[in-house]
């Protein structure tokens, strides 16, 4: 028999195993043949509604999942090493030995210890309460008679230095304070529980000066941001006069002599009268609106001031006080923002091309 026919036969056998799970010649009749009952299946397919079709479509797996599925009927080979246990025979023999000893009354050491712990559990240590703790005496860490350095007394200094048991020598400048200013400033005598009348009045006067300065700054800010009054507000007439400055002087010499000059002033006067009436009416409306806005802002300001008095405002800042205390005691460098100072005087120069243009 030729080798080609043998290879073809083996390929056919492998194909049958992959597709049908075995040789077709050895398969039973129930697997190879089936009874066709197509009429009933067609009736069932006609009766399917849209909802059933949708549910069937949802149950159908996706195409990408079908592609990744294993279509071969041959089962995957088992990983024998995954089911092996190292030293399985040795462990099995040991387990049989301990079963035999357990029947005789002997148990392993771990089991005996666990049983002993169950029979006599360890006593739980009671946590010391606040009344049981003994207060430790305070001591200076940098002093010569430090209790931490007493066990090291009399030993070799070089040995202690190399074994890192000896502390670092404190530099002498750390023994002196950088400033004699106290860390926490003492409040003035007027702030005590029972001060004298003079000290109390002095403290009140200082607080009054601070509050007065704060009030002046607030009033200054309000004046700068306040709306102009009705008298100071710009009207249509004042705006027109400002725009016409310099134009009336040039137009004085202009004008041709004729009959129209006699009627001109009357017509101009009538027009001026109409313009003046319109300006007065517009100015009155603007002034009324400005006064209404001013009244509204004044009422709002009073309301805010009353609410500010009712709500307690926080005074001072602890973080800023501590920072300033460090600066006063020379622990932090007292710095201030550098002021901008111009090195040269600003000089305004008009370009020659613009200088030649005369208006």
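Numbering (the working numbering), first residue to last: 2 to 360.
By construction, the Cβ of each residue, glycine as well, lies at the ideal position given by its N, Cα and C atoms.
Since we're looking at a predicted model, the values are computed, not measured.
Inset, instruction - Look up residue 34 in the DSSP assignment and say whether it is helix, strand or coil. - result: As a working mapping, residue 34 is identified with position 33 in the chain shown. Under the three-state reduction of DSSP output, residue 34 falls in the coil class, being neither helix nor strand.
Inset, instruction - Out of 179, 31, 230, point me to the one whose CA is closest to residue 333's CA. - result: Here residue 333 is taken as the residue at index 332 of the chain shown, counted from 1. Among 179, 31, 230, the Cα nearest to that of residue 333 belongs to 179.
Legend entry - Local conformation of residue 99 per DSSP, three classes: On the chain shown, position 98 is the one that residue 99 refers to. In the three-state reduction of the DSSP assignment, residue 99 falls in the helix class, which pools H, G and I.
Inset, instruction - Give me the Cα-Cα distance between residue 116 and residue 102, rounded to the nearest whole angstrom. - result: What you label residue 116 is simply residue 115 of the chain shown in a count that begins at 1. What you label residue 102 is simply residue 101 of the chain shown in a count that begins at 1. Computed Cα separation, rounded: 17 Å.
Inset, instruction - Give me the Cα-Cα distance between residue 108 and residue 168, rounded to the nearest whole angstrom. - result: For the purposes of this step, residue 108 is taken as residue 107 along the chain shown, with counting starting at 1. For the purposes of this step, residue 168 is taken as residue 167 along the chain shown, with counting starting at 1. Going from the Cα of residue 108 to the Cα of residue 168 covers about 55 Å.
Legend entry - residue 153 beta carbon less than 8 Å from that of residue 161: The residue given as residue 161 occupies position 160 in the chain shown. The residue given as residue 153 occupies position 152 in the chain shown. If you check the CB distance, residue 161 and residue 153 come in under 8 Å.
Inset, instruction - Compute the distance between the beta-carbons of residue 19 and residue 75, then report whether it is under 8 Å. - result: Numbered from its first residue, the chain shown carries residue 19 at position 18. Numbered from its first residue, the chain shown carries residue 75 at position 74. Their beta carbons are under 8 Å apart, which means residue 19 touches residue 75 by this criterion.
Inset, instruction - Please confirm if residue 52 has its CB atom under 8 Å from at least one CB of chain D. - result: The structure shown contains no chain D; it holds only a single protein chain.
Inset, instruction - For residue 213, collect the residues of the same chain with a Cβ closer than 7 Å to its Cβ; drop the 5 residues on either side in sequence, then sort them by chain order. - result: Here residue 213 refers to the residue found at position 212 when the chain shown is read from its first residue. Same-chain partners within the cutoff: there are none.
Legend entry - Cβ-Cβ distance between residue 184 and residue 330 below 8 Å: In the chain shown, counting from the first residue as 1, residue 184 sits at position 183. In the chain shown, counting from the first residue as 1, residue 330 sits at position 329. The criterion of a C-beta distance shorter than 8 Å is satisfied by residue 184 and residue 330.
Inset, instruction - Under the assumption that residue 189 contacts residue 204 (Cβ atoms under 8 Å), give the Cβ distance between them as a whole number of angstroms. - result: Taking the first residue of the chain shown as 1, we reach residue 189 at position 188. Taking the first residue of the chain shown as 1, we reach residue 204 at position 203. With 8 Å as the limit, residue 189 and residue 204 qualify as a contact, their Cβ atoms being about 6 Å apart.
Legend entry - Continuous alpha helix (DSSP H) assignments of at least 4 residues falling wholly in the segment 293-336: 319-329
Inset, instruction - Classify residue 154 as helix, strand or coil using the three-state DSSP reduction. - result: As a position in the chain shown, residue 154 is number 153, starting the count at 1. Three-state result, residue 154: coil.
Inset, instruction - With DSSP as the reference, label residue 206 as helix, strand or coil. - result: By one-based count along the chain shown, residue 206 stands at place 205. Reduced to three states, the DSSP call for residue 206 is helix.
Legend entry - residue 168 - DSSP class collapsed to helix/strand/coil: Taking the first residue of the chain shown as position 1, residue 168 is located at position 167. Three-state result, residue 168: coil.
Inset, instruction - Measure the alpha-carbon distance for residue 147 versus residue 140 and round it to whole angstroms. - result: Taking the chain shown and counting its residues from 1, one reaches residue 147 at position 146. Taking the chain shown and counting its residues from 1, one reaches residue 140 at position 139. Straight-line Cα distance between these residues: approximately 7 Å.
Inset, instruction - Quick one: give me the first and last residue of the alpha helix (DSSP H) that residue 341 is part of. - result: Taking the first residue of the chain shown as position 1, residue 341 is located at position 340. Where residue 341 is concerned, there is no enclosing alpha helix (DSSP H), given that its DSSP letter is neither H nor E.
Inset, instruction - Could you have a look at residue 20 and say whether DSSP puts it in helix, strand or coil? - result: Residue numbering aside, residue 20 sits at position 19 when the chain shown is read from its first letter. Reduced to three states, the DSSP call for residue 20 is helix.
Inset, instruction - Specify the secondary structure class of residue 190 as computed by DSSP and reduced to three states. - result: To locate residue 190, count along the chain shown from 1; it is residue 189. Residue 190: helix per DSSP, three-state reduction.
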